[in-house]
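**Student:**
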Amino acid sequence: MWYLERDGLGRLIGLLAERGYRVIGPTVRDGAVVLDEVTGLADLPAGVREVQGPGRYRLERTDDGRLFDWAHGPDAGKRFLFPPRERLTEIRRGREGMRAEPAPEEDDRPLALLGLRSCDLHAIAVQDRVFLELDERYRRRRERAVLIGVNCAVPGSTCFCVSMGTGPRCTAGFDLALTELAEGFALEVGSRLGAELRDALGVRAATDGERAEVEAIARAAAERMGRSLDVADMPGLLYRNREHPRWGDVGARCLACANCTMVCPTCFCHDVVDDVSLSGETATRTREWASCFSAEYSWAAGAVVRESHAARYLQWLTHKFASWIDQFGVSGCVGCGRCITWCPVGIDVTEEIAAIRASDGAVEVRTA
Amino acid sequence: MSATDLRERAAQPEGRPMRIAVIQRIVPETPESSTYWMTWRGNDGEGYAFEAGQFNMLYLFGVGEVAISISSNPMHPHHLGHTVRHVGRVTNAFRNLRPGDEVGVRGPFGKPWPLHEAEGGDLVIVAGGVGVCPVRPAVESAMRRRDRYRRLILLLGARTPDLLPYKDQLDEWVALMERLGVELHLTVDEPVGTWLYDVGVVTTLFPKARIEPARTTAFMCGPEVMMRFAGRGLLELGVPPERIYLSMERHMECGIGLCGHCQLGPYFVCTDGPVFRYDEIAPLMEVGEL
Amino acid sequence: MTAPTKPRVAVFKMASCDGCQLQILDAEDALLELAGAIEIVHFAEASSDLRPGPYDITLVEGSISTPEQEAQIREIREASKVLITIGACATAGGIQALRNATGRLEEFVRTVYPTPAYVRSLEDSRPVADYVPVDLELTGCPIDRGELLRAIASLLAGARPRVSTSPVCVECKRRGTVCVVVARGEPCLGPVTRTGCGAICPRFGRGCYGCFGPAQAPGNAEALGRRFIELGLRPKEAADRFRFITGWAPAFREAAARLEEVER
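Below, the structure written as structure tokens:
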């Protein structure tokens, strides 16, 4: 473990930009901490606290100048490694017929993602299992990316990473990880590239006191989790409760607005939509984030498979917490709680699962 | 329940540029569907091979892609037939195609019919309506290697005679099947015009076909409600659930388990299916809107 | 292949403000490409050269609000291969549908017009689809130009246009717009309103007011209205959020009625 002065973080951003990286970090915009391109320390959210709850997110100002005393806004690494809208293919039709070619990258700079939380790093690892072997564009972005984690000191009230085993301490999947101390940062190195960056920054070894402070911050954060979730018997619990009355109950509250799936750092579903020029000479195929809450998502052979909000909620929750494990060998939930905070009506996954567990085996009585 | 192995998924074709095929012939099958026969443009078909039960993603310029099962003989991968039911945006645009027009092809995708499972015993194929299309390559493969199966039983049904595809080849098939000793039974729910075969839902053919459950491997394809009933019927006869297979249909955009649309419980229909073993899928078929 | 003839396109207007038609005239760069691809043979807003049908594609702006319009729309339908209605008026009755089901048409006419005797109105202002079959509805007040151009391009390519029925939220999130309901407590109709606008209002920090009409079925506008009440609106105020430009669209009309029940 090393010690990096506060200014050293600014130097790191500069160094990465110099090396041609597109440096993405946290910044305040429209009342939230979002991820966007940053050019220096001044872009980071100094003196900001979050108040999160079901369907509610507010920022509060303090004058302590601390940079990372918040959990996370709506964005995660997904926005950059798996962009919300991406041109995949360009097709031309001329004298020799159709020609399809991969569309060029809009911004081909390698990514440096700064300020990722442990849950975010785990989410990237989850999406790696989905995309890495099957999607060349993702693979190329992912392999060139630098990931810089920041340990949480102040988790949000909708966080439950401890329950999911994904935080709050960054333990894997980063090149560098920071812990904000009273003055500067404790710096941990997770890869050769990280070590190289550390050397270029000029750091000193962390003192025993600083090491102890890092552990204390992590312990305190773990104790301040806003929520918890019992994940025992997880695929089983949801698989055997597909007819549970709670799905109808949550379906009546759910707007099917898709926000949970859009802010979820692991949700990977997408549409590929087609455009064609008016002249009929060129066409494009564009990948867009899609959601299992959309009616059009399950449209097949002339009909929507999942018509009710209850069926769509069942699909999402069961996929996230149960069938994901069958498909990818890991839970699709990293306990970040974004789906709770950014649900306009404040539906809380931990509450829904707890309700099903409380009446495990109940079956909805349907009147014909 | 088998978790999808990453390596296996990665081995699926992906990222390769779409191949281009050229429409040769269009055969109207039912009021709502036609078969599009195509060959590869230039050497676009190099290395292309498929197995009975697999599907392709077909692309129409500027319109989009759609998953269509391959209905032609796997022995001739350079002469592809896809029967398209005009029910959606892309499939309706197929109506505009004429011989000489181009179609983009990615594939083949998905798990095929496990024909080898039936070898040495009886193969019973049950199909309804357009469900006949995905089993046609299996029928052709089985007839080509007729000696590998004891009895070959084909039970085909449709709501009306109109809705049964490949009628233009029916006489030819009947003759060929007679020669090869294939037991063909045809039925419709509502006979219209001159209909020389059976009347009733496809399960009513079961007693007539004198299925011998202990020797039987069954393939089913058709509307989900038909497969639910046919599946139950086969079970009642005593066909073991692990020797019944069926082909499912879901919305698909990628063919490689990436876009998420085709999920059915833990499965991606595009890579874990479309052909499933009955005991893997039957409990899921009982849940509405899954 | 035979030499392609350009599709004949007509634009008509019923009861409306012309704003959607202006979206076509404002298409700037695309206008030239559009002119190369289609032949506009009837477009009173743009040219006095009005040629008769039949038309390959007809765009109709405006609601059916008078007996004359009712007759005219039937003629237009007869003359059109593909009929596309554009805008909130043509697809949901428009702002003028506020008069519907009030039973006060006569009173409104007397208040607004100096010579009420000249005004002949139907009791209700209703969408075109209430009178004739419509092939495609492009909602919005005004419509999104990009959506219209994509629809035309798609028709020219031989396919029914893909018009998403997902809600505005999907677009906010794709664009990285911070949710105004969650981060500001703003009553925003985005979660139950059809996308297509590019999420303009939330991008400028205000709540969506539903001008693109209800999103996908079955929808749950009432639950969103109840959220507005939690955010501080009176039930009547929450109901009124749904009674605006697309208030006559059944999903919004019914939600408003139920929310008003809460008041009583």
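Protein chains in written order, with this note's numbering: chain A, 3 to 370; chain B, 1356 to 1645; chain C, 15 to 278. Ideal Cβ placement from N, Cα and C applies to all residues, glycine included. Quantities reported herein were computed from a predicted structural model and do not represent experimental measurements.
Go through its chain and collect everything with a Cβ distance to Gln317 (chain A)'s Cβ below 7 Å, but skip five positions before and after it.
**Tutor:** For this step, residue 317 (chain A) is matched to residue 315 along the first sequence. Once the five neighbours on either side are set aside, the close Cβ partners of Gln317 (chain A) are Cys294, Arg308.
**Student:** Between the region 104 to 116 of chain C and the region 57 to 77 of chain C, do three or more beta carbon pairs fall short of 8 Å?
**Tutor:** Because the criterion of three Cβ pairs below 8 Å is met, the region 104 to 116 of chain C and the region 57 to 77 of chain C touch.
**Student:** By DSSP, does Ala229 (chain C) sit in helix, in strand, or in coil?
**Tutor:** By 1-based counting over the third sequence, the position of residue 229 (chain C) is 215. Of the three classes helix, strand and coil, the one that applies to Ala229 (chain C) here is coil, per DSSP.
**Student:** List the whole-angstrom C-beta distance separating Val196 (chain C) from Tyr59 (chain A), where the pair is believed to meet the contact cut-off of C-beta under 8 Å.
**Tutor:** Indexing the third sequence from 1 puts residue 196 (chain C) at position 182. Indexing the first sequence from 1 puts residue 59 (chain A) at position 57. Val196 (chain C) to Tyr59 (chain A), Cβ: 5 Å. Contact.
**Student:** Since Leu1507 (chain B) and Val1458 (chain B) are thought to touch, with beta carbons under 8 Å apart, how far apart are those beta carbons, to the nearest angstrom?
**Tutor:** Along the second sequence, read from residue 1 onward, the residue named residue 1507 (chain B) stands at position 152. Along the second sequence, read from residue 1 onward, the residue named residue 1458 (chain B) stands at position 103. That pair is no contact at about 32 Å.
**Student:** Strictly under 9 Å for the Cβ-Cβ distance: is Val205 (chain A) near chain C by that measure?
**Tutor:** If you number the first sequence from 1, residue 205 (chain A) lands on position 203. Closer than 9 Å: no.
**Student:** Gly1484 (chain B) and Arg1514 (chain B): beta carbons closer than 9 Å?
**Tutor:** On the second sequence, position 129 is the one that residue 1484 (chain B) refers to. On the second sequence, position 159 is the one that residue 1514 (chain B) refers to. Cβ distance < 9 Å, so Gly1484 (chain B) and Arg1514 (chain B) count as in contact.
**Student:** Take Cys155 (chain C) as the anchor and find which of C:Lys187, C:Gly210, C:Ala60 has the nearest alpha-carbon.
**Tutor:** For the purposes of this step, residue 155 (chain C) is identified with residue 141 of the third sequence, where counting begins at 1. Of the candidates C:Lys187, C:Gly210, C:Ala60, the one whose C-alpha sits nearest the C-alpha of Cys155 (chain C) is C:Gly210.
**Student:** What residues in its chain sit with their C-beta under 6 Å from that of Glu1369 (chain B), if we drop five residues either side in the sequence?
**Tutor:** By one-based count along the second sequence, residue 1369 (chain B) stands at place 14. Confidence at Glu1369 (chain B) is low in this model, with a pLDDT of 44, below 50, so its placement is unreliable and no value can be given for it.
**Student:** Along the region 1588 to 1611 of chain B, where does the CB come closer than 9 Å to a CB of chain A? Name the residues.
**Tutor:** Answer set for the region 1588 to 1611 of chain B: Glu1604, Arg1605, His1606, Met1607, Glu1608, Cys1609, Ile1611.
**Student:** Chain B partners of Thr172 (chain C), CB-CB under 7 Å?
**Tutor:** Taking the first residue of the third sequence as position 1, residue 172 (chain C) is located at position 158. Looking at the sequence itself, residue 172 (chain C) is Gly, so the reference to Thr does not match. Residues of chain B passing the Cβ test: Val1418, Ala1448, Asn1451.
**Student:** Check distances from the C-beta atoms of the region 162 to 195 of chain C to those of chain B and list, in chain order, the residues that come in under 7 Å.
**Tutor:** Answer in chain order: Ala171, Gly172, Ala173, Arg174, Arg176.
**Student:** When DSSP builds the beta bridges, which residues end up paired with Phe26 (chain C)?
**Tutor:** Taking the first residue of the third sequence as 1, we reach residue 26 (chain C) at position 12. For Phe26 (chain C), which the question treats as bridged, DSSP gives the partners C:Val74.
**Student:** Closer than 9 Å, Cβ to Cβ, to anything on chain C: give me those residues from the region 11 to 41 of chain A, in chain order.
**Tutor:** So the close ones are Arg31, Asp32, Gly33, Ala34, Val36, Leu37, Asp38.
**Student:** Nearest chain D C-beta to Glu275 (chain C) closer than 9 Å, yes or no?
**Tutor:** In summary, chain D is missing from the structure at hand, where the protein chains are A, B and C.
**Student:** Output needed for Phe82 (chain A): all residues of its chain with C-beta closer than 7 Å, excluding positions within five of it in sequence on either side, in chain order.
**Tutor:** Translated into positions along the first sequence, residue 82 (chain A) becomes position 80. Cβ within range, chain order: Ile26, Leu113, Leu115.
**Student:** Does the beta-carbon of Gly219 (chain C), which I'm using as the reference point, lie nearer than 8 Å to any heavy atom of the ligand NAD?
**Tutor:** In the structure on display, the ligand NAD does not appear, and there are no ligands present to speak of.
**Student:** Indicate the three-state DSSP secondary structure (helix, strand or coil) for Phe295 (chain A) in the structure shown.
**Tutor:** Here the question's residue 295 (chain A) lines up with position 293 in the first sequence. It is coil, neither helix nor strand.
**Student:** When the Cβ atoms of the region 1469 to 1479 of chain B are set against those of the region 1431 to 1446 of chain B, are three or more pairs found closer than 8 Å?
**Tutor:** Verdict: no, contact absent.
**Student:** Identify, in the order they occur along the chain, each residue of the same chain with its Cβ nearer than 6 Å to the Cβ of Arg1374 (chain B), setting aside the five sequence neighbours on each side.
**Tutor:** In the second sequence, the residue the question calls residue 1374 (chain B) occupies position 19. If we look at Arg1374 (chain B) and ignore the five residues flanking it on each side, its Cβ neighbours are Asp1399, Val1460.
**Student:** Between Ala1530 (chain B) and Gly1586 (chain B), how many whole angstroms is the CB-CB distance? I'm expecting something under 8 Å.
**Tutor:** In the second sequence, counting from the first residue as 1, residue 1530 (chain B) sits at position 175. In the second sequence, counting from the first residue as 1, residue 1586 (chain B) sits at position 231. 31 Å between Cβ atoms; not a contact.
**Student:** Does the distance from the C-beta atom of Thr343 (chain A) to that of Pro104 (chain A) stay below 9 Å?
**Tutor:** Reading the first sequence from its first residue, position 341 is the one you call residue 343 (chain A). Reading the first sequence from its first residue, position 102 is the one you call residue 104 (chain A). No, Cβ-Cβ distance for Thr343 (chain A) and Pro104 (chain A) is not below 9 Å.
**Student:** Looking at chain B, is there any beta carbon in it that lies within less than 9 Å of the beta carbon of Ile355 (chain A)?
**Tutor:** Counted from its first residue, the first sequence places residue 355 (chain A) at position 353. Chain B contact via Cβ: absent.
**Student:** Can you give, in chain order, each stretch of the alpha helix (DSSP H) that sits fully within the region 91 to 169 of chain A and has at least 4 residues?
**Tutor:** As far as the region 91 to 169 of chain A is concerned, its whole alpha helix (DSSP H) runs of at least 4 residues are 120 to 133, 138 to 146, 163 to 166.
**Student:** Going by other Cβ atoms of all chains shown within 10 Å of its Cβ, with 16 needed for buried, is Glu1420 (chain B) buried or exposed?
**Tutor:** Position 65 of the second sequence, counting from 1, holds the residue named residue 1420 (chain B). Answer is buried; the Cβ neighbour count reaches 16.
**Student:** Counting only beta-carbon atoms, is Arg255 (chain A) nearer than 9 Å to chain C?
**Tutor:** Here residue 255 (chain A) is taken as the residue at index 253 of the first sequence, counted from 1. True, the Cβ-Cβ gap to chain C drops below 9 Å.
**Student:** For chain B, is any of its Cβ atoms less than 9 Å away from the one on Ala370 (chain A)?
**Tutor:** To locate residue 370 (chain A), count along the first sequence from 1; it is residue 368. With a pLDDT of only 46 at Ala370 (chain A), under 50, the local geometry of the prediction cannot be trusted, and the value read off the model is given with reservation. False, the Cβ-Cβ gap to chain B never drops below 9 Å.
**Student:** Using three-state DSSP, classify Ser325 (chain A) as helix, strand or coil.
**Tutor:** In the first sequence, the residue the question calls residue 325 (chain A) occupies position 323. Ser325 (chain A): helix per DSSP, three-state reduction.
**Student:** Near Ile98 (chain C), what residues of its chain come up, given a Cβ to Cβ distance below 8 Å and the 5 sequence neighbours on each side ignored?
**Tutor:** Here residue 98 (chain C) corresponds to residue number 84 of the third sequence, with the count starting at 1. Once the five neighbours on either side are set aside, the close Cβ partners of Ile98 (chain C) are Ile71, Thr72, Leu73, Val74, Val148, Asp149, Leu150, Glu151, Leu152, Ala165.
**Student:** By DSSP, does Trp1468 (chain B) sit in helix, in strand, or in coil?
**Tutor:** Counting from one through the second sequence, the residue named residue 1468 (chain B) turns up at place 113. Of the three classes helix, strand and coil, the one that applies to Trp1468 (chain B) here is coil, per DSSP.
**Student:** Helix, strand or coil, according to DSSP, for Leu69 (chain A) in the structure here?
**Tutor:** Residue mapping note: residue 69 (chain A) aligns to position 67 of the first sequence, counting from 1. The answer is coil: DSSP assigns Leu69 (chain A) none of H, G, I, E or B.
**Student:** Could you confirm whether any beta carbon from chain C is found closer than 9 Å to the beta carbon of Glu366 (chain A)?
**Tutor:** As a first step, residue 366 (chain A) must be located in the first sequence, where it is residue number 364. Cβ-Cβ to chain C under 9 Å: no for Glu366 (chain A).
**Student:** Quick one: residues in its chain with C-beta nearer than 6 Å to the C-beta of Pro85 (chain A), no 5 flanking neighbours on either side, listed in chain order?
**Tutor:** The residue given as residue 85 (chain A) occupies position 83 in the first sequence. Once the five neighbours on either side are set aside, Pro85 (chain A) has no close Cβ partner at all.
**Student:** Can the beta-carbon of Gly1615 (chain B) be found less than 9 Å from the beta-carbon of Cys271 (chain A)?
**Tutor:** Along the second sequence, read from residue 1 onward, the residue named residue 1615 (chain B) stands at position 260. Along the first sequence, read from residue 1 onward, the residue named residue 271 (chain A) stands at position 269. Yes; because the gap between Cβ atoms is below 9 Å, this pair is in contact.
**Student:** Looking at the unbroken alpha helix (DSSP H) that takes in Gly160 (chain C), where does it start and where does it end?
**Tutor:** The count along the third sequence starts at 1 and reaches residue 160 (chain C) at position 146. Note, Gly160 (chain C): alpha helix (DSSP H), 159 to 170.
**Student:** Look at the alpha carbon of Cys183 (chain C) and the alpha carbon of His74 (chain A), and state the distance between them as a whole number of angstroms.
**Tutor:** Along the third sequence, read from residue 1 onward, the residue named residue 183 (chain C) stands at position 169. Along the first sequence, read from residue 1 onward, the residue named residue 74 (chain A) stands at position 72. Going from the Cα of Cys183 (chain C) to the Cα of His74 (chain A) covers about 19 Å.
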